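First the structure, in the form of C-alpha cells, and then the observations on it.
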Amino acid sequence: MPWKDGYTISDEKSMSDEIIKWPQKQRCVATIVVDYSIQADQDGININDIQRQVAEYGRKIEIWNLLDIFDKYEMRATFATPAMIAENYKESMREIVHRGHEVAAHGYKREDVNLLEKAEEKRRLDLTSNIIEKISGQKPVGWFCMPRQKDPFAGGTLSPDTAELLIDGGYEYLGNGLADDIPHYWVTNFKTRQNILTLPYYYHFDDQFFLMFPPLGMGCGLENSKALLQNWKLEFDATYKRGRYFSIFIHPYLIQWGNRLEILENILAYIKDFNDVWNPTGREVTQYWKDTYPASSFLKLKESIWKDYPGSLS
Numbered sequence: 268m269p270w271k272d273g274y275t276i277s278d279e280k281s282m283s284d285e286i287i288k289w290p291q292k293q294r295c296v297a298t299i300v301v302d303y304s305i306q307a308d309q310d311g312i313n314i315n316d317i318q319r320q321v322a323e324y325g326r327k328i329e330i331w332n333l334l335d336i337f338d339k340y341e342m343r344a345t346f347a348t349p350a351m352i353a354e355n356y357k358e359s360m361r362e363i364v365h366r367g368h369e370v371a372a373h374g375y376k377r378e379d380v381n382l383l384e385k386a387e388e389k390r391r392l393d394l395t396s397n398i399i400e401k402i403s404g405q406k407p408v409g410w411f412c413m414p415r416q417k418d419p420f421a422g423g424t425l426s427p428d429t430a431e432l433l434i435d436g437g438y439e440y441l442g443n444g445l446a447d448d449i450p451h452y453w454v455t456n457f458k459t460r461q462n463i464l465t466l467p468y469y470y471h472f473d474d475q476f477f478l479m480f481p482p483l484g485m486g487c488g489l490e491n492s493k494a495l496l497q498n499w500k501l502e503f504d505a506t507y508k509r510g511r512y513f514s515i516f517i518h519p520y521l522i523q524w525g526n527r528l529e530i531l532e533n534i535l536a537y538i539k540d541f542n543d544v545w546n547p548t549g550r551e552v553t554q555y556w557k558d559t560y561p562a563s564s565f566l567k568l569k570e571s572i573w574k575d576y577p578g579s580l581s
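If you count the sequence shown from 1, position 227 lands on 494 in my numbering, and the numbers rise without skipping.
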C-alpha cells in the first residue's frame with residue numbers, strides 16, 4: 268500500500284528538459300504500444316469476445332499488417348498482451364518477438380483487478396507471466412493496465428496491491444502512468460523507497476478514444492481519425508522541441524481499416540523524417556532510464572510533501 272492513500276507518485280516536480288538526455292545524443296523518444304487485446308467489461312475477456320468477427324479480423328489479419336508496417340518504417344513496438352490472447356494466438360506471439368518487438372503483460376484476461384482479493388490477483392499475475400514466457404520465449408518485464416470501455420477512469424485500473432505485486436513478481440516497469448510525460452518512479456513505500464518505474468500514458472494519444480464507435484447514448488457515434496493524427500503530430504513536434512518522451516497507443520481491431528492504417532503510416536513516416544529520434548521498446552527505455560537516472564539519485568522523497576496530515580484530502 269502507498270504510505271498515503273491517493274499519493275503513490277514520487278516527485279512533486281518533474282525533471283526539467285535540460286536534464287533529460289537520450290542515448291547517442293538522440294533528440295527525443297518515440298514509442299509505440301500495441302494494445303493486443305479487445306474490448307471487455309470489468310470481468311475481462313471471455314470466449315465470446317474472442318470470437319466476435321471484428322476482433323477476429325483485428326488479430327488474424329491486421330496484426331500481420333501491423334508487423335509489416337513496422338518493418339517498412341523500421342520501427343519497433345511493445346505489444347501489451349493479456350495471457351488469454353497469447354494462449355489463443357501463439358503464432359503471432361512468436362512472430363512479434365522474432366521481428367524484434369517486445370511482448371509485455373496486460374493482465375490475465377484484461378480484468379479489473381480491483382475486483383480481486385490480493386491472493387487471487389497475485390495468482391493471476393504469476394499465471395500471466397508464466398503463460399507469456401512459455402509461448403513467446405520472452406519473460407515479460409512490463410505490465411499494462413490499459414483502460415476499458417465504461418471504466419471509471421481513462422487511465423486504466425489498478426488495485427492498491429498491484430504495484431507491490433509487480434515488484435515482487437520481478438517486473439521492471441508499469442506501462443501506463445498519467446503522472447508525468449517522462450518515465451518516473453511510482454513509490455509504494457516511503458520508508459523503504461520501494462518503487463517501480465512507470466512509463467507515460469495519456470488518452471489523447473490512444474486511438475480507442477478516437478476510433479471506437481460508441482454505442483447509442485454514450486457518444487456522438489462518429490469517429491475522429493483526423494483529430495487523432497493531428498494530436499499525434501502536434502504532440503510529437505512539441506516533444507521533439509523539448510527533448511522528452513512521445514508515445515502512441517493503438518489497437519489492432521480499431522486501426523485495421525484502410526483509412527486508419529494510412530493514419531498510422533502517416534505518423535510513422537513523419538517520425539522517420541527525423542534522424543535523431545530514438546525508438547526503443549518499453550524494456551529498452553526502462554533499462555536506459557534506470558541506468559541513467561537511478562532512483563537512488565533521482566528519486567525525491569520529502570516527508571513534508573508526502574506526509575499525511577489531519578484534514579488533508581486523503
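All residues carry an ideal CB built from backbone N, CA and C; glycine is no exception.
Predicted model, so just to flag it, every value in this text is computed and none were measured.
Assuming residue i contacts residue j (C-beta within less than 8 Å), just tell me the rounded distance between them.
i	j	result
F516	D448	The Cβ separation is near 14 Å, so there is no contact.
L394	A350	7 Å
A353	G409	Not really, about 14 Å apart at Cβ, beyond 8 Å.
Y470	P519	Between P519 and Y470 the Cβ distance is about 18 Å, and since that is not below 8 Å, they are no contact.
D338	K385	That belief does not hold up - the Cβ atoms of D338 and K385 are roughly 42 Å apart, past 8 Å.
G437	E378	Incorrect: roughly 21 Å between the Cβ atoms, too far for contact.
L496	N526	No, L496 and N526 are not in contact; Cβ-Cβ is about 11 Å, not under 8 Å.
Roughly how many angstroms lie between the CA atoms of residue i and residue j, to the nearest whole one?
i	j	result
L333	T459	42 Å
L478	S492	6 Å
Q461	P467	19 Å
S304	L566	33 Å
W331	W453	35 Å
I399	T465	21 Å
T584	D418	The requested residue 584 is not part of the displayed model; the chain covers only 268 to 581.
T559	P450	12 Å
A421	C412	11 Å
G486	E529	No answer about G486 holds up, because its pLDDT of 49 lies below 50 and its placement is not dependable.
G367	S564	32 Å
K292	N498	26 Å
V552	Q416	29 Å
Y340	A307	31 Å
V364	E439	18 Å
F503	A562	27 Å
D284	T345	25 Å
I287	T506	12 Å
S281	K389	31 Å
N407	W524	In the sequence as presented, Asn is not what sits at residue 407; that position holds Pro. Straight-line Cα distance between these residues: approximately 30 Å.
S396	D543	34 Å
D316	D302	15 Å
L501	F476	17 Å
Following the continuous beta strand (DSSP E) through residue i, name the residue where it begins and the one where it ends.
i	result
V380	Counting along the chain, V380 falls outside any beta strand (DSSP E), and DSSP gives it neither H nor E.
E439	Note, E439: premise wrong, no beta strand (DSSP E); not H, not E.
S514	512 to 517
A446	Run containing A446: none; DSSP gives neither H nor E here.
E369	369 to 372
I299	295 to 302
Hey, would you say residue i sits closer than 8 Å to residue j, going by beta carbons?
i	j	result
L433	L441	yes
K357	I314	no
E369	G549	yes
I538	L531	no
Y375	R361	no
L568	F457	yes
A347	V300	yes
F541	S514	no
W545	P290	yes
Q309	L383	no
Check whether chain D comes within 8 Å of residue i, counting only Cβ atoms and requiring the distance to be less than that.
i	result
T348	In summary, chain D is missing from the structure at hand, where a single protein chain is found.
Considering just the uninterrupted stretch of the alpha helix (DSSP H) at residue i, what are its terminal residues?
i	result
A350	350 to 355
V552	549 to 559
T459	Element bounds for T459: n/a, residue is neither H nor E.
A430	429 to 435
A505	492 to 509
K539	525 to 539
L478	475 to 478
A562	562 to 565
* May I ask you to verify whether the segment 296 to 310 touches the segment 505 to 520, counting CB pairs closer than 8 Å and requiring at least 3? => With a cut-off of 8 Å, the segment 505 to 520 and the segment 296 to 310 count as touching, because enough Cβ pairs lie within range.
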